[in-house]
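Student: Position in the sequence shown (first residue = 1) + 314 = the working numbering.
Virtual Cβ for every residue (Gly too), placed ideally from N, Cα, C.
This structure is a prediction, so every number in the text was calculated from the model and none was measured.
Provided herewith is a single structure, encoded as structure tokens, for subsequent inquiry.
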Amino acid sequence: MKFTWNGVFPAVTTKFTDDDELDFDAFDVNINAQLEAGVDGFILGGSLGEASVLSDDEKFALLKHTVTLVDGKVPVLLNIAESTTKAAVACAQKALDNGASGLMMLPPMRYKADDNETVAFFAAVAKSTPLPIMIYNNPVDYKIEVTLDMFAQLAEYNNIQAVKESTRDISNVTRMINRFGDRFKILTGVDPLAMESLVMGADGWVAGLVDAFPKETVAIFRLVKAGRIAEALAIYRWFLPVLELDIHPKLVQYIKLAEVATGIGTENVRAPRLKIEGAEREKVLKIINDALAVRPVLPEGSWGRVSKLQTA
315 MKFTWNGVFP AVTTKFTDDD ELDFDAFDVN INAQLEAGVD GFILGGSLGE ASVLSDDEKF
375 ALLKHTVTLV DGKVPVLLNI AESTTKAAVA CAQKALDNGA SGLMMLPPMR YKADDNETVA
435 FFAAVAKSTP LPIMIYNNPV DYKIEVTLDM FAQLAEYNNI QAVKESTRDI SNVTRMINRF
495 GDRFKILTGV DPLAMESLVM GADGWVAGLV DAFPKETVAI FRLVKAGRIA EALAIYRWFL
555 PVLELDIHPK LVQYIKLAEV ATGIGTENVR APRLKIEGAE REKVLKIIND ALAVRPVLPE
615 GSWGRVSKLQ TA
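In structure tokens, the structure reads:
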């Protein structure tokens with residue numbers, strides 16, 4: 315499936331039953347709500363999707379199920395977060411076999427590879443697959459930064475097409491554009507910096523709180539791209555306290571709690587994660603419920619399968 319790296323791409327949560335099995339029914343409720351809101355693609359098996367605790371069988375069962383559910387409406391991407399190059403290449407092949415439209419790739423896990431090793435890791439996967447690839451650049455959480463010079467080396471691989479920009483340095487959007495023009499599509503990957511990055515020229519948003527608030531997320535993106543900055547900013551200022559849940563180590567638990575509050579998810583997580591309790595739970599619920607109490611009315615046409623926004 316050919317697609318452009320533009321729009322809102324939710325990093326979806328993985329739903330579990332009370333018996334710790336994949337909960338496809340709950341998953342479908344969430345995916346359908348996001349399709350209704352007008353998201354532009356899905357990313358499975360990311361950090362928010364609890365990839366580190368999914369078996370390979372579960373990961374690819376989820377991919378096959380999502381591809382069938384989405385039925386070509388939007389692309390479905392699989393995240394690769396492997397410790398070895400061999401495993402990453404195998405994962406890319408199996409993703410292709412199971413219908414993935416593209417890949418998101420983390421640097422090598424459990425080993426702090428140097429620049430040459432990291433480039434070789436990405437290059438080996440790129441050479442092994444026809445699937446388009448987005449590099450996930452998140453040195454804050456994964457300790458390896460993909461520098462501009464490294465992207466210059468990766469530019470020779472035509473299927474390395476995009477970056478999930480999570481350095482938390484908004485100026486990096488401008489640096490990428492100044493160095494490479496439109497060679498790499500840029501998708502902001504940090505919810506509380508999303509609007510700023512979009513205004514600076516990011517092409518898309520790999521979002522987390524979209525899992526609970528899909529219409530608001532889509533509306534912000536579309537309003538910014540339509541030049542209706544003041545309207546986008548009003549929603550974004552309302553949303554920011556909730557968006558900041560995305561940068562906490564317990565983002566999975568927090569975002570799943572928000573999904574429950576908006577009626578499109580469940581709170582179950584897989585151990586070693588545990589549901590949050592006590593004062594921490596009350597604090598997070600207050601942030602979510604305070605936002606829900608003053609949930610904004612969205613501008614007409616700012617969400618939905620077809621954008622009907624008028625530009626500024």
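Can you name, in chain order, every residue of its own chain whose Cβ lies under 7 Å from the Cβ of D334, other than the five neighbours on each side?
Tutor: In the sequence shown, residue 334 corresponds to position 20, counting from 1. Cβ within range, chain order: R584.
Student: Could you spell out where the beta strand (DSSP E) holding A521 opens and where it closes?
Tutor: Counting from 1 along the sequence shown, the entry for residue 521 is found at position 207. Its beta strand (DSSP E) spans residues 518 to 521.
Student: Closest by CA to F494, which one among T461, S480, V520, A508?
Tutor: Numbered from its first residue, the sequence shown carries residue 494 at position 180. If we check each option's Cα against that of F494, T461 comes out closest.
Student: Does T328 come out as helix, strand or coil in the three-state DSSP assignment?
Tutor: Taking the first residue of the sequence shown as position 1, residue 328 is located at position 14. Looking at T328 - three-state DSSP - the assignment turns out to be coil, as it is neither helix nor strand.
Student: Report yes or no: do the segment 543 to 562 and the segment 328 to 348 share at least 3 C-beta pairs separated by less than 8 Å?
Tutor: They do not touch, by the three-pair rule.
Student: Do you know how far the Cα of A365 is from the Cα of A469?
Tutor: Here residue 469 is taken as the residue at index 155 of the sequence shown, counted from 1. Here residue 365 is taken as the residue at index 51 of the sequence shown, counted from 1. Distance between the alpha carbons of A469 and A365: 28 Å.
Student: Which runs of the beta strand (DSSP E) fall wholly inside the segment 382 to 443 and span at least 3 residues, in chain order?
Tutor: Within the segment 382 to 443, the complete beta strand (DSSP E) runs of at least 3 residues are 390 to 394, 416 to 419.
Student: Pick out whichever of A414, V454, A466 has its Cα sitting closest to the Cα of P563.
Tutor: Sequence index remark: in the sequence shown, residue 563 carries index 249 (1-based). Minimum Cα distance to P563 is reached at V454.
Student: Return the bridge partner residues of G321 from the DSSP annotation.
Tutor: Looking up residue 321 in the sequence shown gives position 7. Note: G321 sits in a beta bridge opposite G518.
Student: Take every Cβ of the segment 532 to 542, pair it with every Cβ of the segment 618 to 626, and state whether three or more of those distances are shorter than 8 Å.
Tutor: At 8 Å Cβ cutoff, the stretches touch.
Student: At the level of alpha carbons, what is the spacing between A401 and L392?
Tutor: Here residue 401 refers to the residue found at position 87 of the sequence shown. Here residue 392 refers to the residue found at position 78 of the sequence shown. Approximately 14 Å, taken between the alpha carbons.
Student: In terms of residue numbering, what span does the alpha helix (DSSP H) encompassing E510 cover?
Tutor: Taking the first residue of the sequence shown as 1, we reach residue 510 at position 196. Note, E510: alpha helix (DSSP H), 508 to 513.
Student: Relative to the C-alpha of F498, which candidate in I578, I449, L612 has its C-alpha closest?
Tutor: Against the sequence shown, residue 498 aligns to sequence position 184. Residue I449 is the option with its Cα nearest to F498.
Student: Quick one: complete beta strand (DSSP E) runs, 3+ long, within the segment 526 to 608?
Tutor: Within the segment 526 to 608, no complete beta strand (DSSP E) run reaches 3 residues.
Student: L501 and D517: beta carbons closer than 8 Å?
Tutor: As a first step, residue 501 must be located in the sequence shown, where it is residue number 187. As a first step, residue 517 must be located in the sequence shown, where it is residue number 203. Result yes, Cβ atoms of L501 and D517 sit closer than 8 Å.
Student: How would you call N452, buried or exposed, if buried means at least 16 neighbouring beta carbons within 10 angstroms?
Tutor: Translated into the one-based positions of the sequence shown, residue 452 becomes position 138. Its Cβ being crowded by 16 or more others within 10 Å, N452 is buried.
Student: Keeping to the same chain, check which residues put their C-beta closer than 8 Å to that of L417; ignore five residues upstream and five downstream.
Tutor: Taking the first residue of the sequence shown as position 1, residue 417 is located at position 103. The answer, listed in chain order, is L391, L392, N393, I394, A406, A409, V439, T443, L445, P446, I447, M448.
Student: My output table needs one value for A626: the three-state DSSP class, helix, strand or coil.
Tutor: Residue 626 sits at position 312 when you count from the first residue of the sequence shown. DSSP places A626 in coil when its eight states are reduced to three.
Student: Taking E396 as the reference, which of L362, F436, V611 has the closest Cα?
Tutor: Taking the first residue of the sequence shown as position 1, residue 396 is located at position 82. That would be F436, whose Cα lies nearest to the Cα of E396.
Student: Of the residues G413, A404, K457, S415, which one's Cα is nearest the Cα of Y425?
Tutor: Translated into positions along the sequence shown, residue 425 becomes position 111. Selected option, being the one with the closest Cα: K457.
Student: Between L512 and V556, is the Cβ-Cβ spacing less than 8 Å?
Tutor: By one-based count along the sequence shown, residue 512 stands at place 198. By one-based count along the sequence shown, residue 556 stands at place 242. For L512 and V556, no; Cβs fall outside 8 Å.
Student: How about T327 and G579: do their beta carbons lie closer than 8 Å?
Tutor: As a working note, residue 327 is residue 13 in the sequence shown. As a working note, residue 579 is residue 265 in the sequence shown. The answer is yes: Cβ separation under 8 Å.
Student: Under three-state DSSP, which class holds L362?
Tutor: Here residue 362 corresponds to residue number 48 of the sequence shown, with the count starting at 1. In this structure, L362 counts as coil in the three-state DSSP scheme.
Student: For the alpha helix (DSSP H) containing E350, name the first residue and the last one.
Tutor: Position 36 of the sequence shown, counted from the start, is the residue given in the question as residue 350. 338 to 351 is the span of the alpha helix (DSSP H), which, as asked, contains E350.
Student: Using DSSP's beta-bridge definition, name the partner residues of Y450.
Tutor: Here residue 450 is taken as the residue at index 136 of the sequence shown, counted from 1. Looking at the DSSP assignment, Y450 forms a beta bridge with K478.
Student: Using C-beta distances below 6 Å, list every residue in its chain close to G413, excluding the 5 sequence neighbours before and after it, in chain order.
Tutor: Reading the sequence shown from its first residue, position 99 is the one you call residue 413. Hits under 6 Å: V381.
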